[in-house]
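Enquirer: Handing you this structure, nothing more for now.
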Amino acid sequence: MTSPPDPSTSALFLNSIYFLAEWKTPFSDELNTDGAFYTNENETVNTTYMLGLLDNIPYVEAKDYRLICLPYKNNDLGMYIIYPNENNPYKYNLKEFSEKLDPSELLDTITKTKLRSVVVQIPKLSLSNKLTLLEPLQKYAEFKKTNLNIKDGNFIDNIANNIQNFKNFTPQATSDIFLTGAAKNANFRISNIVQQMVFSINEKGTEAAAVTSGLTDNMGGSKTMVITRPFAFFIRHEATLATIFWGTIMDPSQN
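Position 62 of the sequence shown, counted from 1, bears residue number 62 in UniProt numbering, the numbering being contiguous throughout.
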């Protein structure tokens, strides 16, 4: 917390998730360069790019985007980067682009990846964001009363359908979120839920110094993923296929 709580606050509930993992093939800071990142067709910001040649990483070219996976050590986790194609009309509108991604099609695309050598240029990031979750949870409390349906069939499709229904749902009332089981006071309720997210992508890794020579010697025949405009990403636990983080990067210069 960066400021004292409101005097009327009865209790604070804090929950923290900390994620730290090293790349399987780290980047070398000796190859970092400064360059322009296009936030839209006409505007750029200056950012620091990491550069590396990554061998045997999942890569695929889909109809509307390209996708790579940057594996972490031990291959337990992977960071998937989704980069809209140059001719994609939503290449600068990542909100619209993400909403049009079909979960089943995305999973199918991942199964079509091939292990390739890829020259990767990606912005170095250090971002933070703060948002309130109270209004979405109040909306969900009303939504689940009559609209939440789990039908037989594909589990991913069920989730996708309910997400779309939730987006289109307009609640007729606002539900307070009560914690009747947490206190004797029946009026004990949540006044706000705030999530603060800190996320960074950097070159850290124990093998970073070994990357430099391999980059110049083995670039022939490799694919290229030079990321100079907005992109989407998610971090997945490969054994369970659980998504740990999902986000979009519109401006890597914003802290």
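Each residue gets a CB set at the ideal place from its N, CA and C atoms; glycine is no exception.
With DSSP run on the structure shown, which of helix, strand or coil describes L77?
Expert: strand
Enquirer: Looking at the unbroken alpha helix (DSSP H) that takes in D108, where does it start and where does it end?
Expert: P103 to T111
Enquirer: Does the count of Cβ pairs from the segment 136-144 and the segment 42-53 closer than 8 Å reach three?
Expert: In short, these stretches do not touch, since the Cβ pair count stays below three.
Enquirer: Report the CB separation of Y83 from I201 in whole angstroms; it is logged as a contact under 8 Å.
Expert: With a Cβ gap of about 14 Å, Y83 and I201 do not count as contacting.
Enquirer: Run the proximity test for Y140: is its beta-carbon closer than 8 Å to any non-hydrogen atom belonging to the ligand NAD?
Expert: Only the bare structure without any ligand can be found here, which leaves the ligand NAD out of the picture.
Enquirer: Put S98 into one of helix, strand or coil per three-state DSSP.
Expert: helix
Enquirer: If you drop the 5 nearest sequence neighbours on each side, which residues of the same chain put their C-beta closer than 6 Å to that of R236?
Expert: G78 and T243
Enquirer: With a Cβ-Cβ cutoff of 9 Å, do E203 and P26 count as a contact?
Expert: Pairing E203 with P26 gives a Cβ-Cβ distance under 9 Å.
Enquirer: What is the C-beta distance between V60 and S222, in whole angstroms, given that I count them as a contact (C-beta under 8 Å)?
Expert: Actually they do not touch by this definition, with Cβ atoms about 15 Å apart.
Enquirer: Assuming contact is defined by CB atoms lying nearer than 9 Å, are F234 and Y80 in contact in what I supplied?
Expert: yes
Enquirer: Name the two residues that bound the continuous beta strand (DSSP E) containing residue 271.
Expert: This structure gives no information on residue 271, because the portion of the chain shown stretches from 1 to 255.
Enquirer: Anyone know if the C-beta pair for K124 and M50 falls short of 9 Å?
Expert: yes
Enquirer: I'd like to confirm the pairing. Which residues does DSSP put opposite R236 in its beta bridges?
Expert: G78 and T243
Enquirer: Would L20 be called buried (16 or more neighbouring beta carbons within 10 Å of its own) or exposed?
Expert: exposed
Enquirer: Which of helix, strand or coil does DSSP assign to F37?
Expert: In this structure, F37 counts as strand in the three-state DSSP scheme.
Enquirer: My guess is that P230 and L94 are in contact by the Cβ rule of under 8 Å, so how many angstroms apart are they, rounded?
Expert: 5 Å
Enquirer: Assign P7 to one of three DSSP states: helix, strand, or coil.
Expert: coil
Enquirer: For the candidate residues F245, K24 and N129, whose alpha-carbon lies nearest to that of D251?
Expert: Closest option to D251, Cα to Cα, is N129.
Enquirer: Starting from the C-beta of T170, find all residues in its chain whose C-beta is less than 6 Å away, skip the five residues before and the five after it, and write them out in chain order.
Expert: none
Enquirer: Assuming D76 contacts E238 under a Cβ cut-off of 8 Å, what Cβ separation, rounded to an integer in Å, is found between them?
Expert: 6 Å
Enquirer: With respect to the beta strand (DSSP E) encompassing L125, which residues constitute its N-terminal and C-terminal limits?
Expert: L125 to T132
Enquirer: For S28, count neighbouring C-beta atoms within 10 Å of its own C-beta (all shown protein chains included) and say buried if the count is 16 or more, exposed if not.
Expert: buried
Enquirer: Just curious, the beta strand (DSSP E) that residue 276 is in, first and last residue?
Expert: The requested residue 276 is not part of the displayed model; the chain covers only 1 to 255.
Enquirer: Kindly give me the distance between the Cβ atoms of C69 and T113, rounded to whole angstroms, as I take these residues to be in contact under 8 Å.
Expert: 7 Å
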